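Colleague:
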Amino acid sequence: MAKQQQVVIVGGGVIGLLTAFNLAPHVQSVTLLDRSHVGQESSWAGGGIVSPLYPWRYSPAVTALAHWSQDFYPQLAQRLFAATGIDPEVHTTGLYWLDLEDEAQALAWARRENRPLSPVDVCAVRDAVPVLGKGFSRAIYMANVANVRNPRLVKSLKAALLALPNVTVHEQCEVSGFIREGERVVGVQGPDGPIHGDHVVLTAGAWSGELLKTLGLTLPVEPVKGQMILYKCASDFLPSMVLAKGRYAIPRRDGHILIGSTLEHEGYDKTPTENALESLKASAVELIPELAQAQVVGHWAGLRPGSPEGIPYIGAVPGVDGLWLNCGHYRNGLVLAPASCQLFADVLLARTPVIDPAPYAPAGRI
Ligand SMILES: Cc1cc2nc3c(=O)[nH]c(=O)nc-3n(C[C@H](O)[C@H](O)[C@H](O)COP(=O)(O)OP(=O)(O)OC[C@H]3O[C@@H](n4cnc5c(N)ncnc54)[C@H](O)[C@@H]3O)c2cc1C
């Protein structure tokens, strides 16, 4: 059935881009709409850790998507690099959690889930990460945790889409509402008029709830502001990711170090603030004292699509034929993207799903 179908996707963050990429080979056409340029909102602003920050604190629903994605990321990055020449730079550095309060829960979760997380003597951490601050007394480590250079990931996804003959990307194209025929959605209202499709997929991140409101539906997805700062050091300065008290340092391959992040409820305001800058700098120096002598070379904010328990909405909107959701990935949209978009395509194309879709189904949750 699907080969004749035309799909309209609203929102070109990592979720919309990868949804388009996965659907394109199986449908007649994909039209991806973004009100600004694709991949410039949360998917650009995030840190790109390919793991939830504290994976043991999440529900099995988030864990299932995270594990599938973690296994798939290297393959996805290779495929995109080969297709576009833009390397998303999946950088497997491992991650140290320092002075955790719930270390016992973390280790119990790792045993249950068969994840390679283990306690490490803090002297061994200092040998491995000589720039680490002196104030820490305990650590646990997972060696296979990677980070992805998310601005490059979205750039690469865009380039891959532009090379596909049946995909059209419209930037500067703000969707203001949906076109209905009875109980069915048959398109969206763009700035220059209607854009029709057999299926409309809402992947508008933190703005998804605003758009659903136009149909009288309440989707509990709200913007949660996060600020980050960036340093540039030598490429071997920080060999692993380190995390303490909710703040983390992420090394990119070229020596850029990201420090994140704040968690703020400020509506749709994403202005970086002086307070956050000072607080992030203090965390940076606590984790890595030498950063006190380094220049901050970037400071920005993004809006995470906050959702209850961080469980995304993946599937059909009940009672509105033709309308689908893939949104609400909160703090984990980069790690969860590959699994979420694979699962989404499975559900829309009525294939056997890679993961049980039930926990993410919008029915009963909106
Ligand atoms: C500081 C920070 C750190 C983070 N760190 C991590 C991390 O380490 N690991 C991780 O996995 N995740 C992380 N995240 C979360 C992750 O970035 C998000 O969950 C993810 O990017 C969400 O992707 P998305 O495609 O749903 O949303 P977005 O990337 O926000 O994309 C939504 C798109 O929809 C478009 N849009 C909105 N309204 C309309 C409209 N009306 N018409 C047309 N287009 C529209 C927007 O322009 C935008 O391009 C972090 C986020 C932040 C802010």
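Residue numbers 495 to 860, in the numbering used here, belong to the letters of the sequence shown in order.
We put the CB at the ideal spot given by N, CA and C, even for glycine.
Owing to the predicted nature of the structure, the values given are computational and were not obtained by experimental measurement.
(1) So residue 827 and residue 508 are in contact, right, with Cβ under 8 Å, and what is the actual spacing, rounded?
(2) Kindly indicate which residue of 653, 550, 668, 836 has the alpha-carbon position closest to the one of residue 575.
(3) Closest to residue 586 by CA distance: which of 787, 640, 613 is it?
(4) So is the beta-carbon of residue 654 under 7 Å away from any non-hydrogen atom of ligand 1?
(5) Run through DSSP, which three-state label would residue 667 get?
(6) For residue 835 versus residue 516, is the C-beta distance shorter than 8 Å?
(7) When DSSP labels each residue in this structure, what does residue 641 get in the three-state scheme?
(8) Spatial neighbours of residue 670 within its chain, please: CB distance less than 7 Å, with the 5 preceding and 5 following residues excluded, ordered by chain position.
(9) Residue 809 and residue 819 - do their beta-carbons sit closer together than 8 Å?
(10) Exposed or buried, which one is residue 687 when buried takes at least 16 other CB atoms within 10 Å?
(11) Under the three-state reduction of DSSP, which class applies to residue 634: helix, strand or coil?
(12) How big is the Cα-Cα spacing for residue 812 and residue 711?
(13) Check the C-beta distance from residue 663 over to residue 634 and give it rounded, since I have them as a contact under 8 Å.
(14) Within a Cβ cutoff of 6 Å, which residues of the same chain sit near residue 498, ignoring the five residues on either side of it in sequence?
(15) In terms of residues, what are the limits of the alpha helix (DSSP H) holding residue 525?
(16) Ligand 1 and residue 617: does any heavy atom of the ligand fall closer than 7 Å to the residue's C-beta?
(17) Does residue 698 pass the burial test, meaning 16 or more other C-beta atoms within 10 Å, or should it be called exposed?
(18) Mind checking which residues open and close the alpha helix (DSSP H) that includes residue 835?
(19) From residue 759 to residue 788, what distance separates their C-alpha atoms?
(20) In the DSSP assignment, find the unbroken alpha helix (DSSP H) run with residue 561 in it and report its ends.
(21) Between which two residues does the alpha helix (DSSP H) holding residue 516 run?
(22) Specify the secondary structure class of residue 649 as computed by DSSP and reduced to three states.
(23) Is the beta carbon of residue 564 sitting closer than 8 Å to the one on residue 829?
(24) Could you check where the beta strand (DSSP E) with residue 821 kicks off and where it finishes?
(25) With C-beta atoms as the reference, is residue 611 less than 8 Å away from residue 604?
(26) Does the Cβ of residue 528 lie closer than 7 Å to at least one heavy atom of ligand 1?
(27) Run the proximity test for residue 599: is its beta-carbon closer than 7 Å to any non-hydrogen atom belonging to ligand 1?
(28) For residue 846 and residue 840, I'd like the C-alpha separation in whole angstroms.
(29) Kindly examine ligand 1 and report whether one of its heavy atoms sits closer than 7 Å to the Cβ of residue 678.
(30) Scan the segment 664 to 742 and note each continuous alpha helix (DSSP H) run of 4 residues or more that stays entirely inside, going in chain order.
(31) Name the two residues that bound the continuous beta strand (DSSP E) containing residue 798.
(32) Can the beta-carbon of residue 735 be found closer than 8 Å to that of residue 794?
(33) Relative to the C-alpha of residue 626, which residue among 567, 595, 733 is closest?
(34) Residue 612 by DSSP, collapsed to three states: which one?
Modeller: On the basis of the supplied data:
(1) 6 Å
(2) If you compare the alpha carbons of 653, 550, 668, 836 with that of residue 575, the shortest gap goes to 653.
(3) 640
(4) no
(5) coil
(6) yes
(7) strand
(8) 683
(9) yes
(10) exposed
(11) strand
(12) 10 Å
(13) Contact doesn't hold; Cβ gap of about 42 Å is too wide.
(14) 522
(15) Element bounds for residue 525: not the alpha helix (DSSP H) but the beta strand (DSSP E), 523 to 527.
(16) Incorrect: residue 617 has no Cβ contact closer than 7 Å to ligand 1.
(17) When all chains shown are included, residue 698 counts as buried.
(18) 827 to 842
(19) 30 Å
(20) 554 to 578
(21) Run containing residue 516: 508 to 517, per the alpha helix (DSSP H) assignment.
(22) helix
(23) yes
(24) 817 to 821
(25) Cβ distance < 8 Å, so residue 611 and residue 604 count as in contact.
(26) Using a cutoff of 7 Å, the CB of residue 528 counts as near ligand 1, since one of the ligand's heavy atoms is closer than that.
(27) Residue 599: no, Cβ never under 7 Å from ligand 1.
(28) 6 Å
(29) no
(30) Complete alpha helix (DSSP H) runs here, min 4: 702 to 707.
(31) Where residue 798 is concerned, the enclosing beta strand (DSSP E) stretches over 790 to 800.
(32) no
(33) Measuring from the Cα of residue 626, the nearest candidate turns out to be 733.
(34) strand
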